[in-house]
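A.B. asks: If you scroll down you'll find the structure; I have some questions about it.
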Amino acid sequence: MPRRPQGFTLIELIIVLLLIGILGVTAFSRLSGKSTFSAQVARDQAISIARQIQITAMNQGNIANAADPDCYLLQVNSTGFGALAKCFDQSSDHLLASEAGVKVEAKLDSKLVPGIYMAFDALGRPRANWKADSNRMCVDADCIVTFTATNGADASLCINGEGYISDCQ
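Here the sequence shown stands for residues 1 to 169, numbered as in the working numbering.
Set out below in structure tokens:
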């Protein structure tokens, strides 16, 4: 009688390991909860909002002649990030910290500040307000906005003096 090999074949072993890996990833994503990703999601949404406000301000031309120049300001404080409350009619224009489950902190020239208002000039560079002669911002160091989730994970976005808005590395 021929002897039958004992154990698994290589193909069976690979398939079993692949199935265990898929089950493990699925279970981890279900059990980890949304707080693991809240900071990154809030940061990505904030980058999108800041770029939208920046592009709108750049396309406006002379903001001083706009119907409401304050609507071209980026507001950052502990309650949220985005357009001023009187200016947004859609939730996509503003990120509320309480709804996103994050804490928002802003640093201007490496100093923690309670809040900032930022305008953008025709070249997209950050300024203290919408007036053409206002001081430029984020020149000495990047302006940094940090989003901290309830579990302590954080993610930051940076705005440099030339107006580039990105995640901080």
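Backbone N, C-alpha and C fix where the C-beta goes; we use that ideal spot for every residue, glycine too.
#1: Would you report the Cα separation of S134 and P126, rounded to the nearest angstrom?
#2: Quick one, which of F28, L95, D140, V145 has its alpha-carbon nearest V113's?
#3: Measuring alpha carbon to alpha carbon, tell me which residue in A141, L23, L123 is nearest Q60.
#4: Does the distance between the C-beta of I55 and the nearest non-hydrogen atom of the ligand SAM fall short of 6 Å?
#5: Just to confirm my understanding: we take Q54, look at its own chain, exclude 5 residues before and 5 after, and list those with CB closer than 7 Å. What are they?
#6: What residue range is occupied by the uninterrupted alpha helix (DSSP H) comprising E105?
#7: Figure out for me which residue from I15, C158, Q169, A149 has the closest Cα to the Cα of M137.
#8: Using C-beta distances below 8 Å, list every residue in its chain close to S78, excluding the 5 sequence neighbours before and after it, in chain order.
#9: Which of the three DSSP states is assigned to P69 in this structure?
#10: Which class does G9 belong to by DSSP, given the choice of helix, strand or coil?
#11: In whole angstroms, what separates the C-alpha of G7 from that of V25?
#12: Would you say C143 and S156 are within 7 Å of each other, going by their C-beta atoms?
C.D. replies: Reading off the structure:
#1: 10 Å
#2: V145
#3: L123
#4: Summarising the ligand content, the structure contains no ligands, and the ligand SAM is consequently not present.
#5: F120, G124, G163, I165
#6: Unbroken run through E105 is the beta strand (DSSP E), 102-108; no alpha helix (DSSP H).
#7: C158
#8: Within the same chain, S78 has close Cβ partners A97, K103, V104, E105, P114, G115.
#9: Helix, per DSSP.
#10: Residue identity check: residue 9 is Thr in the sequence provided, not Gly. The answer is coil: DSSP assigns T9 none of H, G, I, E or B.
#11: 27 Å
#12: Taking a C-beta distance under 7 Å as the contact criterion, C143 and S156 do not qualify as a contact pair.
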